[in-house]
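So the sequence shown is numbered by full-length UniProt numbering: it starts at 1 and just counts up by one. The C-beta atom is built at its ideal place from N, Cα and C for all residues, glycine as well. As the structure is a prediction and not an experimental result, all values here were calculated from the model. Working notes, beginning with the structure itself.
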Amino acid sequence: MAPPPPPELMDDLIGEILLRLPPEDPACLVRASLVCKLWRRLLSDGAFLCQYRAFHRTPPVLGFFHNQYRKGTSVPQYVPTIQASPVPQPAIAVTGSPTTSYRTIDCRHGRVLFEGKDQPSQTLIVWDPITGNQKLIYPPVHPYTKFLAAVLCAADGCDHLRCSGGAFLVVFVGIYDAEEEDNDDEGVEDGDPVGWASLYPSEIGVWSASTSISVDSFIDLVLPSLLTRDSIYFILENGEKILKYSLVGGVLSVVNAPPQHEPNMIFATAQDGDLGAATVEGYSLHLWSWRATDPVGGFGEWKALA
Numbered sequence: 001m002a003p004p005p006p007p008e009l010m011d012d013l014i015g016e017i018l019l020r021l022p023p024e025d026p027a028c029l030v031r032a033s034l035v036c037k038l039w040r041r042l043l044s045d046g047a048f049l050c051q052y053r054a055f056h057r058t059p060p061v062l063g064f065f066h067n068q069y070r071k072g073t074s075v076p077q078y079v080p081t082i083q084a085s086p087v088p089q090p091a092i093a094v095t096g097s098p099t100t101s102y103r104t105i106d107c108r109h110g111r112v113l114f115e116g117k118d119q120p121s122q123t124l125i126v127w128d129p130i131t132g133n134q135k136l137i138y139p140p141v142h143p144y145t146k147f148l149a150a151v152l153c154a155a156d157g158c159d160h161l162r163c164s165g166g167a168f169l170v171v172f173v174g175i176y177d178a179e180e181e182d183n184d185d186e187g188v189e190d191g192d193p194v195g196w197a198s199l200y201p202s203e204i205g206v207w208s209a210s211t212s213i214s215v216d217s218f219i220d221l222v223l224p225s226l227l228t229r230d231s232i233y234f235i236l237e238n239g240e241k242i243l244k245y246s247l248v249g250g251v252l253s254v255v256n257a258p259p260q261h262e263p264n265m266i267f268a269t270a271q272d273g274d275l276g277a278a279t280v281e282g283y284s285l286h287l288w289s290w291r292a293t294d295p296v297g298g299f300g301e302w303k304a305l306a
């Protein structure tokens, strides 16, 4: 006589087991959904997905983008760090784009920002790897010698878990030499290098009026920007200054770098969600947190954390 079949697992136990599937291997979730209709229903349930994210906390790194240069042409490449990555290789094909050479300049909130490098028709491309949507944007009509840009979700209070395909913002920050350009901006003296910024909301499709400030160096074209709270930060090229753009009011300000900055400084988010930095002095690593003492955030002090 055949033994009786083992008792079926309760739905709650199945859910607890599925919660422990490793997030760094998304393919296992797909395979589990093919076991039966019950498992597929559990895995696709919105409540389970929220529990899954909360259980594993910090999402895994799926991969990274880098720019590959060959024969004078820049080609963005995606390097996966997990098996069966859901992110495809960039395939930039935007109607109306006049360029074939691109570089990755930012990646945030499920969107990637590329720069079309062919001159004189410089362009920006916002790419959503999940939906495949691409948006062609021309930079603001404003002189600049160097620039950086950042992309981010436009939704207030968004947890950025389901905002793929939604509205986005692009922050464009340029620096030009006022001695070589006509400068009508108030508060900027002739002869000073000038930093300026403009905001592009995808829902409006028009760049905002630019805001300017005097600076003493160019934007670093290698290190990425940092978004904390309602501000975006850019490292200036000599590493001694940090340019801050406030998304609320569109205000630019300059922040001094930490004391032991040298050229070896990268941004980090402090535990309280404010601006942080990591610097190297000799063989020592220093961690810093910025404490602003004015509403704009340009004045304050760095606190050593380690």
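Spatially closest choice to residue i from the options, by CA coordinates
i	options	result
L146	V222, F48, R291	At residue 146 the sequence reads Lys, which differs from the Leu that was named. Looking at the Cα atoms, V222 is the closest of the given residues.
L38	L62, L13, E203	L13
P259	L305, L227, F218	L305
F114	P88, I82, I130, V151	V151
E203	I175, I137, S212, F267	I137
Y102	D128, S208, R111, H66	H66
A154	H109, Q271, Y144	H109
D128	P139, R111, E16	R111
P193	I219, L275, L29, S284	I219
P22	L42, R53, D159, G195	R53
L275	N256, S284, Y283	N256
Q271	K303, V206, L169	K303
Q68	S33, T104, L42, R20	T104
R174	L199, R162, Y144	It should be pointed out that residue 174 corresponds to Gly in this sequence rather than to Arg. G174 has its Cα closest to that of Y144, out of L199, R162, Y144.
E16	L42, Y245, V30	L42
D156	P201, P139, G72, L148	P201
P139	V170, T269, C107	V170
Y245	L148, R40, R70, Y78	L148
I82	T293, V206, E24	E24
F64	R57, G72, S74, Y78	Y78
Segment limits, alpha helix (DSSP H) that includes residue i
i	result
A32	26–33
C50	46–56
Span separating the alpha-carbon of residue i from that of residue j
i	j	result
P59	L124	28 angstroms
E186	I232	Bear in mind that the predicted position of E186 carries a pLDDT of just 49, short of 50, making it too unreliable to give a figure here.
V61	E301	32 angstroms
A167	R291	31 angstroms
A197	V35	52 angstroms
P224	L49	30 angstroms
G239	G46	45 angstroms
A84	P90	16 angstroms
N183	I213	Below a pLDDT of 50, predicted positions are generally treated as unreliable, and N183, at 49, falls in that range; no measurement from the model is reported.
G116	S44	38 angstroms
R176	L236	Checking the sequence, you will find Tyr at residue 176 rather than Arg. C-alpha separation (whole angstroms): 13 angstroms.
V188	F55	Reliability fails at V188, whose pLDDT of 48 lies under 50, so the model's placement of it is uncertain and the value that follows must be treated cautiously. If you take the alpha carbons of V188 and F55, they lie about 51 angstroms apart.
H286	P76	32 angstroms
Q122	S210	19 angstroms
G282	M265	13 angstroms
L18	P88	26 angstroms
S164	I130	7 angstroms
C28	R40	12 angstroms
R70	R31	39 angstroms
C107	G205	20 angstroms
S289	C158	25 angstroms
L199	L252	12 angstroms
T73	Q51	45 angstroms
S33	G132	24 angstroms
S284	A277	14 angstroms
R162	S217	39 angstroms
Rounded distance between the beta-carbons of residue j and residue i, thought under 8 angstroms
i	j	result
V280	K241	With a Cβ gap of about 18 angstroms, V280 and K241 do not count as contacting.
V254	L243	6 angstroms
K135	V141	The pair is not a contact, with the Cβ atoms about 18 angstroms apart (cut-off 8 angstroms).
P86	P26	6 angstroms
T228	G273	6 angstroms
L226	F267	4 angstroms
S208	G250	6 angstroms
Endpoints, beta strand (DSSP E) assigned at residue i
i	result
L169	168–177
W196	193–201
N133	Premise fails: N133 is in no beta strand (DSSP E) and is neither H nor E.
D128	Element bounds for D128: n/a, residue is neither H nor E.
R70	63–70
L305	Premise fails: L305 is in no beta strand (DSSP E) and is neither H nor E.
A84	That residue, A84, is in no beta strand (DSSP E); it is neither H nor E in DSSP.
A292	284–292
I105	102–108
S231	231–235
G116	111–116
L227	226–228
Y245	241–246
Proximity test, Cβ basis, 8 angstroms: residue i and chain C
i	result
P59	Note that chain C does not occur in the displayed structure, where there is just one protein chain.
Check: residue i C-beta below 7 angstroms from any heavy atom of the ligand PLP
i	result
F267	What this structure holds is no ligand at all, so the ligand PLP is not there to describe.
Handout entry: Those runs of the alpha helix (DSSP H) which lie wholly inside the stretch 249–281 and span at least 4 residues
Key = none
Practice task
Entirely within the stretch 145–170 and at least 3 residues each: give me those beta strand (DSSP E) ranges in chain order.
Solution key: The stretch 145–170 contains these whole beta strand (DSSP E) runs: 146–153.
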